[in-house]
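Here's the structure we're looking at; comments come further down.
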Amino acid sequence: MRAYVTGSGQFLPGEPVSNAAMVDYIGRLSPQAERLGRLTLRRNGIRSRHYAMRSDGTTDWTLAKLGAAALDDLFGRSGLDRREVGYLATATTQNDLMVPGLASGLHAASGLPPLEIASLQSVCASAMMALKSAALQVSAGEHAAALAVGAEFSSRYFRPGHYHGTAAMNTDGTLPGDAEFLRWTLSDGAAGVLVEDSPAPHGLSLRIDWISLRSFADRFAPCMTGGGVADGQGGLIPWSHFPTIAEAAQAGAFQLRQDVEALHRMLPVWLGELMRLVDEGRVDPTGVDHFLCHFSARSLRDEMVAQARKAGCLIPEERWFTNLYEKGNVGAASLFLLLDDLLRSGQLTAGQKVLCAVPESGQCVMAYAMMTVVDGEEA
902 MRAYVTGSGQ
912 FLPGEPVSNA
922 AMVDYIGRLS
932 PQAERLGRLT
942 LRRNGIRSRH
952 YAMRSDGTTD
962 WTLAKLGAAA
972 LDDLFGRSGL
982 DRREVGYLAT
992 ATTQNDLMVP
1002 GLASGLHAAS
1012 GLPPLEIASL
1022 QSVCASAMMA
1032 LKSAALQVSA
1042 GEHAAALAVG
1052 AEFSSRYFRP
1062 GHYHGTAAMN
1072 TDGTLPGDAE
1082 FLRWTLSDGA
1092 AGVLVEDSPA
1102 PHGLSLRIDW
1112 ISLRSFADRF
1122 APCMTGGGVA
1132 DGQGGLIPWS
1142 HFPTIAEAAQ
1152 AGAFQLRQDV
1162 EALHRMLPVW
1172 LGELMRLVDE
1182 GRVDPTGVDH
1192 FLCHFSARSL
1202 RDEMVAQARK
1212 AGCLIPEERW
1222 FTNLYEKGNV
1232 GAASLFLLLD
1242 DLLRSGQLTA
1252 GQKVLCAVPE
1262 SGQCVMAYAM
1272 MTVVDGEEA
């Protein structure tokens, strides 16, 4: 039995926020910090993004509500009755609550009937984990229709109040590079896909041919982290190991961090996974019509292109499909935003091959998925 992406939807809160206005949403730390932010923006190339946080630091949103709004968009365009869905898999970096999982919260907010759920929590690659989970449920005959949804609300962690009075703040009002980078890179939103056991009766669907995901945590220390503090010996002290919550917060345990140098050391491993798939005959770089690669920064994409060109496995750059520069890096929602935008783009024709790639810096994960465009009326 096959699995097909037959519908998709997204929700990005508020109006697009420009580079000049974004400091009003994440908050001002110091003029020096804003200079570092402008340097980061030149590297990542993002021109606009969306925040679920108001400029005064208040919000009416949660991850569950963002995901529910994305499902409203999906069901509004798919024509499927919500009662026909039997499975929901969710993906996020950090849930609204420690317990229960995002799938429970989204289920409660979405109007879906009683159904099977799974909450996947990692970083960007959790989207591919959720997609594979949904595809396997459908292809195994467990459910005829399943949902995979990714949602992020990163901006709530970037307000000045999360840094003032903590060990992360430098005397000049700046943050360490591993904290400052993410403030100017991550943003908010949700998106998802509908996976069914047959193509949509009208229009184009994406047949999921295969999904490959591998972790390399045996080779790398954590790179993108939240909930711990470096112990000075290459490890992390979890927030729960501090004598009090206040001491954990003061040490910076609840801040998101990204080791940018470690991120670049992962590039050869991510590329190596593509080379493995090429060698196995699962990917023909010249036969890919649309390459949906999630990347966090334009500079990282340029390095990926350079390395792939040297290795002889570069997918032609004109076939790369991205929305990073207009919609920002929305973490676990990014893969589904890419798929939704591609499905709406008018660029697809039956028979085309779509390759998705999601590298994750959390502790080094690389995921690829191959799909084929099918026309329901010809199936």
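In this note's numbering, the protein residues as written are 902 to 1280.
All C-beta atoms in this analysis are idealised placements derived from N, C-alpha and C, irrespective of residue type, glycine included.
Q) Under a Cβ-count criterion, where at least 16 other Cβ atoms within 10 Å of its own Cβ denotes burial, should threonine 959 be classed as buried or exposed? A) For the purposes of this step, residue 959 is taken as the residue at position 58 of the sequence shown. By the neighbour-count rule (16 or more Cβ atoms within 10 Å), threonine 959 is not buried but exposed.
Q.
Let me check one thing: in DSSP terms, what residues is methionine 1125 bridge-paired to?
A. Position 224 of the sequence shown, counted from the first residue, corresponds to residue 1125. Note: methionine 1125 sits in a beta bridge opposite Gln1159.
Q: State the start and end residues of the unbroken alpha helix (DSSP H) segment that holds histidine 1008.
A: Residue numbering aside, residue 1008 sits at position 107 when the sequence shown is read from its first letter. Segment 1003-1011, the alpha helix (DSSP H) holding histidine 1008.
Q. If we ignore side chains and look at the alpha-carbon of each, how far apart do glycine 1277 and alanine 1198 end up?
A. For the purposes of this step, residue 1277 is identified with residue 376 of the sequence shown, where counting begins at 1. For the purposes of this step, residue 1198 is identified with residue 297 of the sequence shown, where counting begins at 1. Roughly 36 angstroms between the two C-alpha positions.
(Q) Does glycine 1153 come out as helix, strand or coil in the three-state DSSP assignment? (A) Locating residue 1153 in the sequence shown gives position 252, where the first residue counts as 1. In the structure shown, glycine 1153 sits in coil (DSSP, three-state: anything other than H, G, I, E or B).
**Q.** Span separating the alpha-carbon of valine 1161 from that of proline 1217
**A.** Here residue 1161 refers to the residue found at position 260 when the sequence shown is read from its first residue. Here residue 1217 refers to the residue found at position 316 when the sequence shown is read from its first residue. Distance between the alpha carbons of valine 1161 and proline 1217 is about 27 angstroms.
Q | Cα-Cα separation, glutamine 1208 to serine 1116 | A | As a first step, residue 1208 must be located in the sequence shown, where it is residue number 307. As a first step, residue 1116 must be located in the sequence shown, where it is residue number 215. Those two C-alpha atoms are separated by around 21 angstroms.
Q: Go ahead and pull the three-state DSSP assignment for glutamate 1181.
A: As a first step, residue 1181 is located in the sequence shown; it is residue number 280 there, counting from the start. If DSSP states are grouped into helix, strand and coil, glutamate 1181 belongs with coil.
Q. Who are the Cβ neighbours of proline 1102 in its own chain at under 6 angstroms, not counting the five residues just before and after it?
A. In the sequence shown, the residue the question calls residue 1102 occupies position 201. Counting only Cβ-Cβ distances below 6 angstroms, and skipping sequence neighbours, we find Gly1277.
Q. What did DSSP end up calling glutamate 985 once you bin it into helix, strand or coil?
A. Numbered from 1 along the sequence shown, position 84 holds the residue referred to as residue 985. Looking at glutamate 985 - three-state DSSP - the assignment turns out to be helix.
Q. What is the DSSP secondary structure of proline 1260, reduced to helix, strand or coil?
A. As a position in the sequence shown, residue 1260 is number 359, starting the count at 1. Three-state result, proline 1260: strand.
**Q.** Three-way DSSP call (helix, strand, coil) for tryptophan 962 in this model
**A.** Walking along the sequence shown from the start, residue 962 turns up at place 61. In this structure, tryptophan 962 counts as coil in the three-state DSSP scheme.
Q) So is threonine 1086 buried or exposed if we call it buried at 16+ other beta carbons inside 10 Å? A) Translated into positions along the sequence shown, residue 1086 becomes position 185. Threonine 1086 should be labelled buried.
Q) Taking C-alpha atoms, which residue in Asp1185, Ala1004, Val1274 and Asp1203 lies nearest to glycine 987? A) The residue given as residue 987 occupies position 86 in the sequence shown. Closest option to glycine 987, Cα to Cα, is Ala1004.
Q | Whether phenylalanine 1237 touches serine 909 by CB criterion (8 angstroms) | A | Here residue 1237 corresponds to residue number 336 of the sequence shown, with the count starting at 1. Here residue 909 corresponds to residue number 8 of the sequence shown, with the count starting at 1. Yes, the pair counts as a contact, with Cβ atoms nearer than the cut-off.
**Q.** Reduced DSSP category for tryptophan 1171 - H, G, I as helix; E, B as strand; rest coil
**A.** Stepping through the sequence shown from its first residue, residue 1171 is reached at position 270. In this structure, tryptophan 1171 counts as helix in the three-state DSSP scheme.
Q. Which residue's Cα is closest to the Cα of glycine 1188: Arg978, Glu1174 and Trp1221?
A. Stepping through the sequence shown from its first residue, residue 1188 is reached at position 287. The shortest C-alpha separation from glycine 1188 is found at Trp1221.
**Q.** Residue of Leu1105, Glu1097, Ala1131 and Phe1121 minimising C-alpha distance to leucine 981
**A.** Translated into the one-based positions of the sequence shown, residue 981 becomes position 80. Considering only alpha carbons, the answer is Glu1097.
Q: Identify, in the order they occur along the chain, each residue of the same chain with its Cβ nearer than 8 angstroms to the Cβ of alanine 1009, setting aside the five sequence neighbours on each side.
A: Within the sequence shown, residue 1009 is the residue found at index 108, counting from 1. Closer than 8 angstroms at Cβ, skipping near neighbours: Ala965.
Q: State the start and end residues of the unbroken alpha helix (DSSP H) segment that holds proline 932.
A: Counting from 1 along the sequence shown, the entry for residue 932 is found at position 31. Counting along the chain, the alpha helix (DSSP H) containing proline 932 begins and ends at 932-945.
Q | Residues bridged to glutamine 1022 [DSSP beta-bridge criterion] | A | Sequence index remark: in the sequence shown, residue 1022 carries index 121 (1-based). Glutamine 1022 pairs with Thr993.
Q) Can you list, in chain order, the residues of its chain whose CB lies under 6 angstroms from that of proline 917, leaving out five sequence neighbours each side? A) By 1-based counting over the sequence shown, the position of residue 917 is 16. So the qualifying residues of the chain are Ser949.
Q) Where DSSP assigns a beta bridge to threonine 1067, which residues make up the other side? A) Here residue 1067 is taken as the residue at index 166 of the sequence shown, counted from 1. None; threonine 1067 has no bridge partner.
**Q.** 8 angstroms contact criterion, which glutamate 1053 and glycine 1104 should meet: CB distance rounded
**A.** The count along the sequence shown starts at 1 and reaches residue 1053 at position 152. The count along the sequence shown starts at 1 and reaches residue 1104 at position 203. Going by Cβ atoms, the distance from glutamate 1053 to glycine 1104 rounds to 28 angstroms, so no, they are not a contact pair.
**Q.** CB-CB length for threonine 1075 against leucine 937, believed under 8 angstroms
**A.** If you number the sequence shown from 1, residue 1075 lands on position 174. If you number the sequence shown from 1, residue 937 lands on position 36. The pair is a contact, with the Cβ atoms about 6 angstroms apart (cut-off 8 angstroms).
Q: Assuming leucine 1239 contacts leucine 1172 (C-beta within less than 8 angstroms), just tell me the rounded distance between them.
A: If you number the sequence shown from 1, residue 1239 lands on position 338. If you number the sequence shown from 1, residue 1172 lands on position 271. 20 angstroms between Cβ atoms; not a contact.
(Q) What would DSSP say about serine 956, mapped onto helix, strand or coil? (A) Within the sequence shown, residue 956 is the residue found at index 55, counting from 1. Coil.
(Q) If you follow the beta strand (DSSP E) that aspartate 1110 is in, where does it begin and where does it stop? (A) Position 209 of the sequence shown, counted from the first residue, corresponds to residue 1110. It spans 1105-1116 - the beta strand (DSSP E) in which aspartate 1110 sits, taken as one unbroken run.
Q.
Let me confirm a value: threonine 1145 is counted as buried when at least 16 other C-beta atoms fall within 10 Å, else exposed. Which label applies?
A. Translated into positions along the sequence shown, residue 1145 becomes position 244. Answer is exposed; the Cβ neighbour count stays below 16.
Q: To the nearest angstrom, report how far apart leucine 1114 and leucine 1178 are at their CA atoms.
A: Taking the sequence shown and counting its residues from 1, the one referred to as residue 1114 is at position 213. Taking the sequence shown and counting its residues from 1, the one referred to as residue 1178 is at position 277. For leucine 1114 and leucine 1178, the distance between alpha carbons rounds to 11 angstroms.
Q) Cβ atoms of alanine 1019 and alanine 1046: under 8 angstroms apart, would you say? A) Residue 1046 sits at position 145 when you count from the first residue of the sequence shown. Residue 1019 sits at position 118 when you count from the first residue of the sequence shown. Not a contact, by the Cβ cut-off of 8 angstroms.
Q.
Rounded to the nearest angstrom, what separates leucine 1013 and arginine 1166 at their Cα positions?
A. For the purposes of this step, residue 1013 is taken as the residue at position 112 of the sequence shown. For the purposes of this step, residue 1166 is taken as the residue at position 265 of the sequence shown. Rounded to the nearest angstrom, the two C-alpha atoms are 42 angstroms apart.
Q. What's the gap between the Cα of valine 1259 and the Cα of serine 1106?
A. Reading the sequence shown from its first residue, position 358 is the one you call residue 1259. Reading the sequence shown from its first residue, position 205 is the one you call residue 1106. Rounded to the nearest angstrom, the two C-alpha atoms are 21 angstroms apart.
Q.
Checking 8 angstroms against the spacing of the C-beta atoms, do alanine 1068 and glutamine 1134 come in under that value?
A. The count along the sequence shown starts at 1 and reaches residue 1068 at position 167. The count along the sequence shown starts at 1 and reaches residue 1134 at position 233. Not in contact: alanine 1068 and glutamine 1134 (Cβ atoms no closer than 8 angstroms).
Q | Residue of Gln1156, Glu1261, Leu1095 and Ala1147 minimising C-alpha distance to methionine 1070 | A | The residue you call residue 1070 lines up with position 169 of the sequence shown. It is Gln1156 whose Cα lies nearest to the Cα of methionine 1070.
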